[in-house]
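Below is one structure, written out as structure tokens, with a few remarks after it.
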Amino acid sequence: MSSFHKISETQTSVSGTKLKNNSIYVSSGIPSLDHIVGGGLPSGAIFVVEEDVLGNYSRILNKYFLAEGIICKHALFIASADEDPHEIVKELPKPCAQPLEDDIIDTTERTDKMKIAWRYEALNQVESSFGSTTNFGHHFDLSKHIEEDIVISTQISYNYLETSEQNVNGFRNGLYFKLLQNIKEAVKDYKSNGKADKNILRISIQSLGSPIWMAMDCEEDSHEHYGKDLIKFMYCLRVLLRDTSAVAFVTIPSHLFDDDHLMKRLLYSIDNAVKMESFTGSSKETNPVYKDYHGLFHITKLSAIYSMVPYVPPSLDLAFKLKRKKFLIEKLHLPPELEETSEREQDDITATPYTCGGFKKKDIDF
Numbered sequence: 258m259s260s261f262h263k264i265s266e267t268q269t270s271v272s273g274t275k276l277k278n279n280s281i282y283v284s285s286g287i288p289s290l291d292h293i294v295g296g297g298l299p300s301g302a303i304f305v306v307e308e309d310v311l312g313n314y315s316r317i318l319n320k321y322f323l324a325e326g327i328i329c330k331h332a333l334f335i336a337s338a339d340e341d342p343h344e345i346v347k348e349l350p351k352p353c354a355q356p357l358e359d360d361i362i363d364t365t366e367r368t369d370k371m372k373i374a375w376r377y378e379a380l381n382q383v384e385s386s387f388g389s390t391t392n393f394g395h396h397f398d399l400s401k402h403i404e405e406d407i408v409i410s411t412q413i414s415y416n417y418l419e420t421s422e423q424n425v426n427g428f429r430n431g432l433y434f435k436l437l438q439n440i441k442e443a444v445k446d447y448k449s450n451g452k453a454d455k456n457i458l459r460i461s462i463q464s465l466g467s468p469i470w471m472a473m474d475c476e477e478d479s480h481e482h483y484g485k486d487l488i489k490f491m492y493c494l495r496v497l498l499r500d501t502s503a504v505a506f507v508t509i510p511s512h513l514f515d516d517d518h519l520m521k522r523l524l525y526s527i528d529n530a531v532k533m534e535s536f537t538g539s540s541k542e543t544n545p546v547y548k549d550y551h552g553l554f555h556i557t558k559l560s561a562i563y564s565m566v567p568y569v570p571p572s573l574d575l576a577f578k579l580k581r582k583k584f585l586i587e588k589l590h591l592p593p594e595l596e597e598t599s600e601r602e603q604d605d606i607t608a609t610p611y612t613c614g615g616f617k618k619k620d621i622d623f
């Protein structure tokens, strides 16, 4: 039993990585995201983001992931069938040496004393944001972009997937097979062979499973084969990445799937997965309860990699908000009802039943 000891987090020889549970971890570029998934993204694993309805916020997460790779001088593999990868790298956020001013303001606000009642001042402060004091990863400014010359100097493989032939090696849509072949060629230099890894390969696949990935025919069973292609691709990708120093960051528009069970079947081949529920176009957008947030952040799967004890997130009630300069994931705190409104008074009158004495709540005055 002496061999089952806790392995501390240490830095590896590869820039922008750390060693945890004898596995190399990299940062997603967002400290709060690293915190809630267990300290970062493990190498040889697949991290999936279920896109919001419009896909705006999931694209931001993807840009953070790529920007972190450029700053750490990691190799990048960018694939998309919906957007030219050359356009994706043009608007990557620029790193900043210190945390943004918004972080300092948020910290100051959390240290203010509560003015509701004196007895609440002795209670511990509730930490809303995650990873604000971490030294792993970088801080980025969304209002500024990385210089073009820095992007050019980075080792980047661009894969703009265009319409391919059908029925290729068991895939109804040849795009899946073509992408797997390109990834197989890219990861061959990142196989773990017992020696120290020289670098990390960050694989970014944007909007995998969008309508473009559907088979180009109108047969009745095309949707069935579409789901099979996606499941088969994810399983093959998992096999390719095992025992490598590569990390896959995949966004999937699961809200477009006709089969509700398709995403559940995909999770078998995924290591970590989260889902973004945007308030855009929903009734929650005008709900005052969510006025401080732009959507809910759901953790759908966390895997225990090289560990006997799975990681437990600090909270499952999470929400995200996009500021001018940064993206944040926080605990969802509902605002207290501090004001007596006519609606609440009406609720007290109608909802409170008669007591045995025949009095209502409004009739009792202390």
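Heads up, the final residue of the sequence shown is numbered 623 in the numbering used here, and it's a clean run with no missing numbers.
A virtual CB, placed ideally from N, CA and C, is assigned to each residue, including glycine.
Ranking 279, 504, 278 by CA distance to the CA of residue 332 puts 504 first. When DSSP reads this structure, residue 552 sits in a beta bridge with 535, 577. Beyond the five residues adjoining it in sequence on each side, residue 555 comes within less than 6 Å, by CB distance, of 532 in the same chain, given in chain order. Non-local C-beta neighbours of residue 398 in its own chain, meaning closer than 8 Å and more than five positions away in sequence, comprise 350, 351, 352, 353, 357, 582, 583, ordered along the chain. Note on residue 348: under 16 other CB atoms within 10 angstroms of its CB, so exposed under the neighbour-count rule.
When DSSP states are grouped into helix, strand and coil, residue 328 belongs to the helix group.
Per DSSP, reduced to three states, the secondary structure at residue 429 is strand. DSSP, reduced to helix, strand and coil, places residue 313 within a helical segment of the structure shown. Shown here, residue 503 sits in a strand according to DSSP, grouped into three states. The Cβ-Cβ distance between residue 536 and residue 459 does not fall below 8 Å. Contact between residue 323 and residue 346 holds, since their C-beta atoms are separated by about 7 Å, short of 8 Å.
Sequence-distant Cβ neighbours of residue 402 in its own chain, meaning closer than 8 Å and more than five residues away, are 347, 348, 349, 350, 351. If you draw a straight line from the Cα of residue 534 to the Cα of residue 520, it is about 15 Å long.
CA-CA distance, residue 523 to residue 506, rounds to 15 Å. Taking residue 572 as the centre and dropping the five residues before and after it, the same chain places the C-beta of 588 closer than 6 Å to its C-beta, in chain order.
Secondary structure note for residue 521: its alpha helix (DSSP H) is the uninterrupted segment 519–523.
The segment 481–495 and the segment 289–298 do not touch, with fewer than 3 CB-CB distances between them shorter than 8 Å.
DSSP places residue 590 outside any beta strand (DSSP E), giving it a letter other than H or E. Residue environment analysis places residue 567 among the exposed positions, since fewer than 16 neighbouring C-beta atoms fall within 10 angstroms of its C-beta. With 16 or more other Cβ atoms inside 10 Å of its own Cβ, residue 314 counts as buried. Assigned with DSSP and collapsed to three states, residue 283 falls in strand. Per DSSP, reduced to three states, the secondary structure at residue 439 is helical. With respect to the 8 Å criterion, residue 444 and residue 501 are classified as neighbours on the basis of their beta carbons.
Counting along the chain, residue 408 sits inside the alpha helix (DSSP H) bounded by residues 405–409. Taken through DSSP and simplified to helix, strand or coil, residue 455 comes out as coil.
Just so you know, the alpha carbons of residue 434 and residue 485 end up roughly 13 Å apart. The beta carbon of residue 558 sits closer than 7 Å to those of 524, 527, 529, 530, all from its chain and outside the five residues before and after it, given in chain order. In the three-state reduction of the DSSP assignment, residue 461 falls in the strand class, which pools E and B. Put simply, of 457, 273, 427, 306 the residue whose alpha carbon is nearest the alpha carbon of residue 490 is 427. In this chain, residue 290 is not harboured by any beta strand (DSSP E); it is covered by the alpha helix (DSSP H) spanning 288–293. Contact annotation: residue 340 and residue 509 have beta-carbon atoms that are not nearer than 8 Å. Secondary structure at residue 514: coil, using DSSP grouped into helix, strand and coil. Considering only 424, 406, 436, 395, the residue with the shortest C-alpha distance to residue 415 is 436. Taking the CA atoms as reference points, residue 574 sits about 43 Å from residue 423. Approximately 7 Å separates the beta-carbon atoms of residue 513 and residue 467; this is inside 8 Å, confirming the contact.
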